[in-house]
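Residue numbers (the numbering used here): 4 to 259. Shown next, in structure tokens, is the structure this report addresses.
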Amino acid sequence: MVKAFMEFFDQTLEEKHVYDMNQILDSICYGTGYGMTTKEHRYWRDFLRMFVRPELHSPAKPADFRAILEEFVLQTREVFNELLRAVWESLELEESFMEDSLQLKTPNQVLVGNIFPPCPQPELVLGMPPHTDMCLLTLLIQSNAFNGLQAMHDGKWVLVDLVPPTLFIFTGDFLEIVSNGRYKTTLHRVIVSNEHTRISVGTSIAPPLEDVVIAPAPELLSSDSPAIFRGITFKEYTTLKRNHNSTDSTLDVLKL
């Protein structure tokens, strides 16, 4: 999958711009962060993002991209199923109930390929700013040229040792909501190199966009352990996160 994304990013700008992002929830979109700045950061990456479940979307080129993508989605589906089964068991929640209440038999699965080329002044930019993921879980793989993934741990940024074919697992915002805070979302960012190109592929699983209210599981609530978060749909949360101050946690807005 990493190689397939490398071949996509090696195409001409004209070929890639066919998929330029118009809306945040476009089924497939290409975007760039080169030269983008905020008060805090300047960004340094290209990306291609697509929804792959319940309906698979793929660029037309490279020619074999779709076939590789289909196989990757099949494999990661099984991984997600096993991981979520373990999560529900750890929370003493009924697997079938969670699948039904979150409609995880027809979930949203998103796939993103990122490329972070060498930057002459890497100390002045970030590949990706500090953020958490809008999902239950994210799986990440990366090329072995440069390891720029950092996660927040005990108030400090720690480099994550990702040695291919290591698969890294992030817990997302929706898992923190559903578990009523028992699982915490993973704050992470990406730094870049002045010598090496880094390519990563991440895929996330979440409930459908509009049909499910994501809220703390009722079985986890009691008079001694009331709900921490109010419920929200994936689509509503997308709008909330896009409009929220990136220096704060969007989850704080949902706290009761």
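Beta carbons: idealized from backbone N, C-alpha and C, even for Gly. In this text, all values refer to a predicted model and were calculated from it rather than measured experimentally.
Residue of the options minimising C-alpha distance to residue i
{"i": "P110", "options": "L254, E239 and P210", "result": "P210"}
{"i": "R192", "options": "V82, S203, V215 and L59", "result": "S203"}
{"i": "K271", "options": "N117, L212, P133 and L224", "result": "Residue 271 falls outside the range modelled here, since the chain spans only 4 to 259, and no answer is possible."}
{"i": "S61", "options": "V21, D255, E97 and S99", "result": "V21"}
{"i": "R69", "options": "T236, F8, A230 and T189", "result": "F8"}
{"i": "G175", "options": "D136, S104 and N197", "result": "D136"}
{"i": "I180", "options": "I235, P132 and F149", "result": "I235"}
{"i": "F171", "options": "S182, N150 and G184", "result": "N150"}
{"i": "E18", "options": "I31, D29, A63 and W47", "result": "A63"}
{"i": "C32", "options": "F173, Y240, N117 and E98", "result": "N117"}
{"i": "M131", "options": "K258, L257, R48 and T241", "result": "R48"}
{"i": "V128", "options": "S225, F11, S196 and T242", "result": "S196"}
{"i": "P133", "options": "F11, A154 and E126", "result": "A154"}
Continuous beta strand (DSSP E) stretch holding residue i: start and end
{"i": "D136", "result": "Segment: none, D136 is in no beta strand (DSSP E) and carries neither H nor E."}
{"i": "L16", "result": "Segment L16 to K19 is the alpha helix (DSSP H) holding L16; no beta strand (DSSP E) there."}
{"i": "L162", "result": "K159 to L162"}
{"i": "I172", "result": "F171 to T174"}
{"i": "N117", "result": "N111 to F119"}
{"i": "R45", "result": "Careful: R45 lies outside any beta strand (DSSP E) and carries neither H nor E."}
Short CB-CB distance (under 8 Å) between residue i and chain B
{"i": "L223", "result": "This model lacks chain B altogether, as it is built from one protein chain only."}
Inter-residue Cα distance where the pair is residue i and residue j
{"i": "T169", "j": "S146", "result": "10 Å"}
{"i": "D13", "j": "P120", "result": "12 Å"}
{"i": "L16", "j": "D23", "result": "10 Å"}
{"i": "V55", "j": "I194", "result": "27 Å"}
{"i": "L223", "j": "K187", "result": "15 Å"}
{"i": "N246", "j": "M53", "result": "21 Å"}
{"i": "L72", "j": "Q112", "result": "12 Å"}
{"i": "L152", "j": "L162", "result": "6 Å"}
{"i": "S207", "j": "L59", "result": "14 Å"}
{"i": "W160", "j": "A220", "result": "31 Å"}
Residue i, DSSP secondary structure in three states
{"i": "A89", "result": "helix"}
{"i": "F149", "result": "coil"}
{"i": "V216", "result": "coil"}
{"i": "A230", "result": "coil"}
{"i": "Y240", "result": "helix"}
{"i": "R52", "result": "strand"}
{"i": "R80", "result": "helix"}
{"i": "L28", "result": "coil"}
{"i": "A70", "result": "helix"}
{"i": "V181", "result": "helix"}
Continuous alpha helix (DSSP H) stretch holding residue i: start and end
{"i": "Y33", "result": "That residue, Y33, is in no alpha helix (DSSP H); its beta strand (DSSP E) goes I31 to T35."}
{"i": "I202", "result": "Unbroken run through I202 is the beta strand (DSSP E), R201 to A209; no alpha helix (DSSP H)."}
{"i": "D255", "result": "L254 to L257"}
{"i": "V5", "result": "V5 to F12"}
{"i": "E98", "result": "E98 to S104"}
Supposed contact pair residue j and residue i - C-beta distance, whole angstroms, cut 8 Å
{"i": "L94", "j": "S182", "result": "6 Å"}
{"i": "L139", "j": "L178", "result": "5 Å"}
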